[in-house]
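The sequence shown begins at 1 in the numbering used here and counts up one residue at a time.
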Amino acid sequence: MIKSTIYLDNNATTVIAPEVLDAMLPFFTKHYGNPSSGTHNFGLYAERIVEQQRKTLADIFHCHPNGIVFTSGATESINFVIKGLVEGLWPEKNKLITTTIEHPAVHESFKYLESKGVETAYIPVNREGVIDMNALALAMDDRTALVSVIAAHNEIGTLQECQLIAELCRERNIYSHFDFAQAGDSSKFY
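Below you can see the structure in the form of structure tokens.
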């Protein structure tokens, strides 16, 4: 009789990478100050580390450090981006585009915004789960604020053509948003 357990839900939650654990461990045990509490050394040190990491990420993404926002996870990030962008561009840009196979965090944000009067379009995918680029291009117009696409699907494993989608959006002055939560090594997308 085999007595072993196999974990088959890595698409939802997986073990932390050893190098990430090593980097984070001091902040769980020794340097656990609140970076928003700048009145004591624990908070000041934590704030300095957070700002260093913000700058590191800004350098990687070629943006200003103020453009890097840390959240508690993917769902909060998705809500922050989609709802915040619409609020900032409303009413001139009042249309959002996504696919029919997005994560519920995206679909729920879209449903909420639909209830507020935002127009939404859900682009179909082919049998392999890849977005129909012609349908995407046809759905875009001058009112489109954002195209949101899951880069690596958490259930079917499809990898989208993020670079092509981003280029199409850039050509039309439309923001693109990609959910890389399940993507692993995102370098394969560029």
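Quick reminder that beta carbons are idealized off the backbone N, C-alpha and C, glycines included. These numbers come from a predicted model, not from an experiment.
Less than 8 angstroms between the CB atoms is what I'm expecting for phenylalanine 110 and leucine 89, so what's the real figure, rounded? The residue you call residue 110 lines up with position 110 of the sequence shown. The residue you call residue 89 lines up with position 89 of the sequence shown. 15 angstroms between Cβ atoms; not a contact.
When the distance is taken between beta carbons, is glycine 117 closer than 9 angstroms to isoleucine 156? The residue given as residue 156 occupies position 156 in the sequence shown. The residue given as residue 117 occupies position 117 in the sequence shown. Their beta carbons are not under 9 angstroms apart, which means isoleucine 156 does not touch glycine 117 by this criterion.
How big is the Cα-Cα spacing for threonine 99 and threonine 14? As a first step, residue 99 must be located in the sequence shown, where it is residue number 99. As a first step, residue 14 must be located in the sequence shown, where it is residue number 14. Each residue's alpha carbon lies about 25 angstroms from the other.
Just list the beta strand (DSSP E) runs in the stretch 21 to 102, keeping only unbroken ones of 3 residues or longer that don't cross its boundaries, in chain order. 95 to 99
If you run the structure through DSSP and keep just helix, strand and coil, what is histidine 177? Position 177 of the sequence shown, counted from the first residue, corresponds to residue 177. Note: histidine 177 maps to strand in three-state DSSP.
How many Å lie between arginine 48 and proline 35 at the Cα? For the purposes of this step, residue 48 is taken as the residue at position 48 of the sequence shown. For the purposes of this step, residue 35 is taken as the residue at position 35 of the sequence shown. Each residue's Cα considered, the two are about 8 angstroms apart.
Distance, glutamate 108 Cα to glutamate 76 Cα: Here the question's residue 76 lines up with position 76 in the sequence shown. Here the question's residue 108 lines up with position 108 in the sequence shown. Their Cα atoms are separated by approximately 12 angstroms.
Name the two residues that bound the continuous beta strand (DSSP E) containing alanine 145. Here residue 145 corresponds to residue number 145 of the sequence shown, with the count starting at 1. Note, alanine 145: beta strand (DSSP E), 144 to 150.
Reduced DSSP secondary structure (H/G/I, E/B, other) of tyrosine 193: The structure shown does not extend to residue 193, since the chain is modelled only from 1 to 190, so the question has no answer here.
Quick check on DSSP: helix, strand or coil for isoleucine 165? Along the sequence shown, one-based indexing puts residue 165 at 165. Here isoleucine 165 sits in helix by DSSP.
Would you please state the rounded distance, in angstroms, between the beta carbons of isoleucine 101 and histidine 153? I believe it to be under 8 angstroms. As a first step, residue 101 is located in the sequence shown; it is residue number 101 there, counting from the start. As a first step, residue 153 is located in the sequence shown; it is residue number 153 there, counting from the start. About 6 angstroms; that satisfies the 8 angstroms criterion.
Tyrosine 193 bridges to which residues according to DSSP? In the structure displayed, the chain extends from 1 to 190; residue 193 sits before or after that span and is not available.
Is leucine 138 helix, strand or coil by DSSP? Position 138 of the sequence shown, counted from the first residue, corresponds to residue 138. Leucine 138: helix per DSSP, three-state reduction.
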